[in-house]
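Trainee: One structure coming up, written as structure tokens, with questions to follow.
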Amino acid sequence: MTTETQLKPEHHVEELERVTIRFAGDSGDGMQLTGTQFTRTAAVFGNDLATLPDFPAEIRAPAGSLPGVSGFQISFASTEIYTPGDRPDVLVAMNPAALKTNLGDLKPGGLLIVDKDEFEPTNLKKAAYESNPLEDGSLAGYQVVPISITRQNELALEGLPLSAKDKFRCRNFYALGLILWLYGRTLDTTIKWATEQFKRRPDILEANLRALRAGYNFGETTELFRVQYRVPPAKVPPGTYRHISGNEATALGFVAASVLSGLPLFYGSYPITPASDILHELSKLKNFGIKTFQAEDEIAAIGAAIGAAYGGHLGLTGTSGPGLALKSEALNLAVMTELPLVVIDVQRAGPSTGMPTKTEQADLLQAMFGRNGDSYVAIVAPCTPSDCFIMAIEAFRIALKHMVPVVFLSDGYLGNGSEPWRIPDISELPRIEWKYAEPQEGKFNPYLRDPKTLARPWAVPGQKGLEHRIGGLEKSGETGDISYDPRNHHEMTLARKAKVDRIVEDIPLLQVTGPEEGDLLVLGWGGTYGSITSACENARKRGLSVASAHLRYLNPFPANLPDVLKRYKKVLIPELNTGQLALLIRGRYLVDAISFNKISGQPFKIAEIEGKIDEVLGLRDEYVLEFTRSAGVSGG
Amino acid sequence: MTAPTASNDGLISPDLPVLTRKDFVTDQEVRWCPGCGDYSILAQMQKMLPELGIARENIVFISGIGCSSRFPYYVNTYGFHSIHGRAPTIATGLKTARPELTVFVITGDGDGLSIGGNHLLHAMRRNIDLNIILFNNRIYGLTKGQYSPTSEFGKITKSSPYGTTERPLNPIRIALAAGATFVARAVDRDTKHLEEMLYRAAKHRGVSFVEVYQNCNIFNDGAFAAFAEKEVRAERMIYLEHGKPLRFGKNNEHGIRLNGFTPEIVENAESDDGLLVHDAHAENITLANILVGMDYPDFPVPVGVFRDVDAPTFDQLVQQQVDEAIAKGRGSLEDALRAGETWVVE
Ligand SMILES: Cc1ncc(C[n+]2csc(CCOP(=O)(O)OP(=O)(O)O)c2C)c(N)n1
Ligand code: SF4
Ligand SMILES: [Mg+2]
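In structure tokens:
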């Protein structure tokens, strides 16, 4: 043994399959950055992982207050995982408010690392603690490791020409260094990132790296931790990987749609949480010929996208629930004029302004029916952050081939969540077929439909001889002129519906995971994929006859859906709404589906779905949801 | 793979066509009430379009909803009859995506200033190269006679049997305030002048806003008759011409001068000395704002070009950013997918 190791305490190394950590602190404490940095390190190491950022609603709530708490949860594993974990194994709380709002989620007996320097009277009062939880015995059920993070960070940065405030802001890197040590990770990825990020601020770089190393070295030298953990890399298909969030994947998917189709992309949007990131991403990519337009409101954003679609480009608009409501009249214009438009809705908790930073999947019926008249659009919904990439391409593939508006239903959980992604080869991507109109005999009729798809011809300004007039007024299917003819309106309405129905021949069948037939099918859509898949896997491990299936195409539904529904004794539909898919399934297929609903702004936990599965299969009494987080603390 | 270019140059036919008024007439039966001022605006437009020397397929008319917004069905170009108030948004998207097209927006006083006021404001502020023609009949025609944002205070209409209790706004003032780079007013019955205004609007690079006083002979007949009838026009309207003194009257005998910021009529002004000289090219909108405040019966009503200045257009600036980015290296999808940190699993 060398002298160096002799000085260090003995750390016993334990191997784990999966760990879930939540970093929590004041919104000024840099918890999102800490979480992202840890995520990158775990990703590059080869773990499978999933993340869940949890932002406060206020941009700058008073420091140390309960509404100002920001959190970031990451689950990483040596096996394939689908969710960011139900309850953290480890909670890092940078102040009393972070402890108060997050403790309820920590597993019993979980590891609780706190910055004890912040547990002083003013902060305790801001977090409404009557007594100091570090001293009053209320944390007896956890492994509490109080560390003097603020003070030690200060010491590490002593002598650097920075303000006390700037130094204080490096605490998150101290905590990050410590956690990286605890899980046997190197500092390389973070050092590389910081060096690039603070290129122009060598003083800040130096301070952050010192804090990072100090945290790491503290872990190595302290006796507070007896165990260091190892989570080996996961076995995943070979390939080149990157880390990607749902909103990034959405933006990239639409870039890919542009490149694959050879048509320039136009993106019209009005800023709204949690969809704005897509506008930020696309507005950087001008070298792809992409034009972005920050409109005066959501109506102008969709209007402009319709204008671009009418002009023969890829017309795209993006928003969240309240914005979709504003767009509905114009979306109907696209239905009536049969233009290939795509509308992104990154759903958030509603109604009205609701809880902008929290997730929900309650816009399905708005997308399906939220317009006047009998109005049909196609709907697709990605099921994981990286699936946003493929479904974005799918949205335009369908829109262009079938000349129909398509709604792309993402949600806050998918948009902000992230996961490692095997970068696809371009040859694996879907093909996008489209053509502009060809001259017809006699006067051009913009509603002369393709006999197979019922798509109308896409005649764009600049095409000689195809001058024509379209609009929101009903048109004759025979001439394209305004028509109030009763039979014509009847037939045109049915044609617009049939055109959407026929997309069914152009989308994949619904995949079932688990037994081909059996006691229970758990059917989901959108961002609940991870929890449903994991819960059903667990149920099968317990010997239950439970299959899962996830709808990524919601209008039309895949052709085999009715058949799949029939093969199980019971159907359970978990949704983050009051039962919108369930309503459609019951109404359309006369299946007595059981609805399981959570409308808390938070995703499903695996255990919740398992609990409901057990109830439905008669293995337990009624399952009742428990809401662990203190209600309302980060709402607004 | 590489990204496509942002404009569809290939679609534009290079040969300048020789077209006539008839080329711009469609086979649709015109459905406005007989005697409606819209007929005249349509006729002047169809007469003017061939003078532009632009192929029919490269011209697009986009309208909202209202009697006036039926316009695109009657012009044999590309046309889009959209939804109430939103024509500027569709036109903005089209013109931004396809800057090489010539795009007209047809709107009404309700369509453009009530439900669509926000869009009109922002289209003008951005100086996007659209030709916006607002048919101002000071009434809601299509919905059969309710007051509009330009109806006079106290006006009795179907929805204001006791007279309105709201003050009208002046479309030209709005256009000036929004920074429109071409602002003009014309009257439906003064056909030659109207045609000239439409032509100059189309020729202007940047946003053009033309307010046309349009008679709705069913619900607001004679709204402009007091000053726009042929017999009284010379006395009661004043034709603005850049660089010329403001004169009106049967023999151009009267003039306008400024007393501080207040205009005054100079009857029988023998010399031009001291008369206000119109400057449509002024960056500063103070003069235009004074002129727009002149109204019948206190003053002759000003028509013509209030403002005509040059400024970079939104569509071109957007195109320029794209072109410059592409010139530095066209985006590669492979590279974009691999952006940031990547790792290889064997
Ligand atoms: C969303 C919506 N609201 C209301 C209407 C009814 N509507 C149609 S035209 C119109 C007013 C038109 O007035 P104006 O723009 O002055 O046009 P005009 O008919 O006078 O030419 C109204 C209220 C509509 N078509 N759509
Ligand atoms: S109602 Fe008035 S504006 Fe409309 S067509 Fe008739 S006359 Fe013209
Ligand atoms: Mg009107």
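The listed protein sequences correspond, in order, to chains A and B. Residue numbering for the first sequence follows our numbering, starting at 1244 and increasing by one per position. Residue numbering for the second sequence follows our numbering, starting at 2 and increasing by one per position. Think of the CB as a built atom: it goes at the ideal place given N, C-alpha and C, for glycine as much as any other residue.
Comparing the C-beta of Asp-10 of chain B with each C-beta of chain A, is any distance below 7 Å?
Mentor: Along the second sequence, read from residue 1 onward, the residue named residue 10 of chain B stands at position 9. Bear in mind that a pLDDT of 46 at Asp-10 of chain B, under 50, signals an unreliable position, so the model cannot answer this.
Trainee: Taking only beta-carbon positions, decide if Tyr-1513 of chain A is within less than 7 Å of chain B.
Mentor: As a first step, residue 1513 of chain A is located in the first sequence; it is residue number 270 there, counting from the start. Chain B, which has no Cβ nearer than 7 Å to the Cβ of Tyr-1513 of chain A, makes this no.
Trainee: Which residues of chain A have a Cβ atom closer than 9 Å to the Cβ of Glu-212 of chain B, listed in chain order?
Mentor: In the second sequence, the residue the question calls residue 212 of chain B occupies position 211. Residues of chain A passing the Cβ test: none, with the nearest at roughly 21 Å.
Trainee: Which residue marks the beginning of the alpha helix (DSSP H) containing Asn-1688 of chain A, and which one marks its end?
Mentor: Here residue 1688 of chain A is taken as the residue at index 445 of the first sequence, counted from 1. Asn-1688 of chain A -> no alpha helix (DSSP H), and no H or E assigned at all.
Trainee: What residues of chain A sit near Val-1 of chain B, judged by a beta carbon separation below 9 Å?
Mentor: Here chain B covers residues 2 to 347 and nothing more, so residue 1 of chain B does not appear.
Trainee: Got a sec: is the Cβ-Cβ distance from Gln-322 of chain B to anything in chain D below 7 Å?
Mentor: Absent here is chain D; the protein component of the structure consists of chains A and B.
Trainee: Does ligand 4 have a heavy atom nearer than 6 Å to the CB of Asn-138 of chain B?
Mentor: Within the structure as shown, ligand 4 is missing, the only ligands being ligand 1, ligand 2 and ligand 3.
Trainee: I want to check one thing, is the minimum distance from the CB of Ser-161 of chain B to the heavy atoms of ligand 3 below 6 Å?
Mentor: Position 160 of the second sequence, counting from 1, holds the residue named residue 161 of chain B. Answer for Ser-161 of chain B: no, Cβ out of range of ligand 3.
Trainee: Taking 6 Å as the cut-off, is the C-beta of Ser-1726 of chain A nearer than that to any heavy atom in ligand 1?
Mentor: For this step, residue 1726 of chain A is matched to residue 483 along the first sequence. Outside the cutoff, so no.
Trainee: Could I get the ranges of all uninterrupted alpha helix (DSSP H) runs contained in the stretch 1728-1775 of chain A, with 4 residues as the minimum, in chain order?
Mentor: For the stretch 1728-1775 of chain A, whole alpha helix (DSSP H) runs of length 4 or above, ordered along the chain, are 1729-1744.
Trainee: Could you list the residues in the stretch 1695-1721 of chain A with a C-beta less than 9 Å from some C-beta on chain B, going in chain order?
Mentor: The stretch 1695-1721 of chain A vs chain B, Cβ under 9 Å: Ala-1702, Val-1703, Pro-1704, Gly-1705, Gln-1706, Lys-1707, Gly-1708, Leu-1709, Glu-1710, His-1711, Arg-1712, Ile-1713, Gly-1714, Gly-1715, Leu-1716.
Trainee: So with CB distances below 7 Å, who are the chain A contacts of Gln-29 of chain B?
Mentor: For the purposes of this step, residue 29 of chain B is taken as residue 28 along the second sequence, with counting starting at 1. Correct list: Asp-1724.
Trainee: Is there at least one non-hydrogen atom of ligand 1 closer than 6 Å to the beta-carbon of Ile-1837 of chain A?
Mentor: Position 594 of the first sequence, counting from 1, holds the residue named residue 1837 of chain A. Result no, Cβ not under 6 Å from ligand 1.
Trainee: Let me know the secondary structure DSSP gives Phe-1870 of chain A once reduced to three states.
Mentor: Residue mapping note: residue 1870 of chain A aligns to position 627 of the first sequence, counting from 1. Here Phe-1870 of chain A sits in coil by DSSP.
Trainee: Quick one: is His-1733 of chain A buried, meaning 16 or more other Cβ sit within 10 Å of its Cβ, or exposed?
Mentor: If you number the first sequence from 1, residue 1733 of chain A lands on position 490. It counts as exposed.
Trainee: With a threshold of 7 Å between beta carbons, is His-82 of chain B in contact with chain A?
Mentor: Walking along the second sequence from the start, residue 82 of chain B turns up at place 81. Yes, His-82 of chain B lies at the interface with chain A (some Cβ there is under 7 Å from its Cβ).
Trainee: Quick one, which of A:Tyr-1472, A:Val-1335, A:Pro-1476 has its alpha-carbon nearest Val-1287 of chain A's?
Mentor: For the purposes of this step, residue 1287 of chain A is identified with residue 44 of the first sequence, where counting begins at 1. Per the Cα distances, A:Pro-1476.
Trainee: Quick one: complete beta strand (DSSP E) runs, 3+ long, within the stretch 1371-1413 of chain A?
Mentor: Runs of the beta strand (DSSP E) inside the stretch 1371-1413 of chain A: 1386-1390.
Trainee: For the stretch 1504-1512 of chain A against the stretch 1543-1553 of chain A, do three or more pairs of beta-carbon atoms, one drawn from each stretch, fall closer than 8 Å, so that the two count as touching?
Mentor: These segments touch.
Trainee: At the 7 Å Cβ level, is Gly-59 of chain B part of the contact set with chain A, yes or no?
Mentor: Residue 59 of chain B sits at position 58 when you count from the first residue of the second sequence. Residue identity check: residue 59 of chain B is Asn in the sequence provided, not Gly. Yes - at least one Cβ of chain A is within 7 Å of the one on Asn-59 of chain B.
Trainee: What residues from the stretch 1282-1316 of chain A come within 9 Å of chain B, judged by C-beta to C-beta, listed N to C?
Mentor: Under the 9 Å Cβ criterion, the stretch 1282-1316 of chain A contributes Arg-1283, Ala-1286, Val-1287, Phe-1288, Gly-1289.
Trainee: Taking 6 Å as the cut-off, is the CB of Asp-1668 of chain A close to at least one heavy atom of ligand 2?
Mentor: The sequence position of residue 1668 of chain A within the first sequence is 425, counting from 1. False, no ligand heavy atom lies under 6 Å from that Cβ.
Trainee: Between which two residues does the beta strand (DSSP E) holding Trp-1664 of chain A run?
Mentor: Taking the first residue of the first sequence as position 1, residue 1664 of chain A is located at position 421. Residues 1661-1665.
Trainee: Within the same chain, show all residues whose beta-carbon is closer than 6 Å to that of Gly-113 of chain B, passing over the 5 residues directly before and after it, in chain order.
Mentor: Your numbering for residue 113 of chain B matches position 112 in the second sequence. The answer, listed in chain order, is Leu-121, Leu-135.
Trainee: Can you find a CB in chain B that lies within less than 7 Å of the CB of Tyr-1690 of chain A?
Mentor: On the first sequence, residue 1690 of chain A is found 447 positions in, with the first residue counted as 1. With 7 Å as the cut-off, Tyr-1690 of chain A does not count as an interface residue toward chain B.
Trainee: Which ranges would you report for the alpha helix (DSSP H) in the stretch 136-197 of chain B if only whole runs of at least 4 residues count?
Mentor: Fully enclosed alpha helix (DSSP H) runs of 4 or longer: 172-178.
Trainee: Taking Cβ positions only, does Ala-4 of chain B come closer than 7 Å to chain A?
Mentor: The sequence position of residue 4 of chain B within the second sequence is 3, counting from 1. Bear in mind that a pLDDT of 45 at Ala-4 of chain B, under 50, signals an unreliable position, so the model cannot answer this.
Trainee: Could you confirm whether any beta carbon from chain A is found closer than 7 Å to the beta carbon of Tyr-79 of chain B?
Mentor: In the second sequence, the residue the question calls residue 79 of chain B occupies position 78. Cβ-Cβ to chain A under 7 Å: yes for Tyr-79 of chain B.
Trainee: Leaving out the 5 sequence neighbours to the left and right, which residues in its chain are closer than 6 Å to Arg-1640 of chain A when beta-carbon positions are compared?
Mentor: The count along the first sequence starts at 1 and reaches residue 1640 of chain A at position 397. Closer than 6 Å at Cβ, skipping near neighbours: Pro-1673, Ile-1675.
Trainee: Which of the three DSSP states, helix, strand or coil, is assigned to Cys-217 of chain B?
Mentor: By 1-based counting over the second sequence, the position of residue 217 of chain B is 216. Cys-217 of chain B falls in the strand class under three-state DSSP.
Trainee: For Thr-103 of chain B, which three-state DSSP category applies?
Mentor: As a working note, residue 103 of chain B is residue 102 in the second sequence. Three-state result, Thr-103 of chain B: strand.
Trainee: Who are the Cβ neighbours of Leu-288 of chain B in its own chain at under 7 Å, not counting the five residues just before and after it?
Mentor: Mapped onto the second sequence, residue 288 of chain B falls at position 287. Closer than 7 Å at the Cβ level, and outside the excluded window around Leu-288 of chain B, lie Asp-280.
Trainee: Between A:Ile-1750, A:Arg-1783, A:Asp-1297, which lies nearest to Leu-1764 of chain A when the distance is taken from Cα to Cα?
Mentor: For the purposes of this step, residue 1764 of chain A is taken as the residue at position 521 of the first sequence. The shortest Cα separation from Leu-1764 of chain A among A:Ile-1750, A:Arg-1783, A:Asp-1297 belongs to A:Arg-1783.
Trainee: With 7 Å as the threshold, decide whether the Cβ of Arg-99 of chain B is near any Cβ in chain A.
Mentor: If you number the second sequence from 1, residue 99 of chain B lands on position 98. It does: the Cβ of Arg-99 of chain B has a partner Cβ on chain A nearer than 7 Å.
Trainee: When you compare only the Cα positions, how much space is there between Pro-150 of chain B and Asn-221 of chain B?
Mentor: Here the question's residue 150 of chain B lines up with position 149 in the second sequence. Here the question's residue 221 of chain B lines up with position 220 in the second sequence. Taking the straight line from one Cα to the other gives about 14 Å.
Trainee: For a cutoff of 7 Å on Cβ pairs, would you count Arg-87 of chain B as touching chain A?
Mentor: Working through the second sequence from its first residue, we reach residue 87 of chain B at position 86. Answer yes: the Cβ-Cβ gap between Arg-87 of chain B and chain A drops below 7 Å somewhere.
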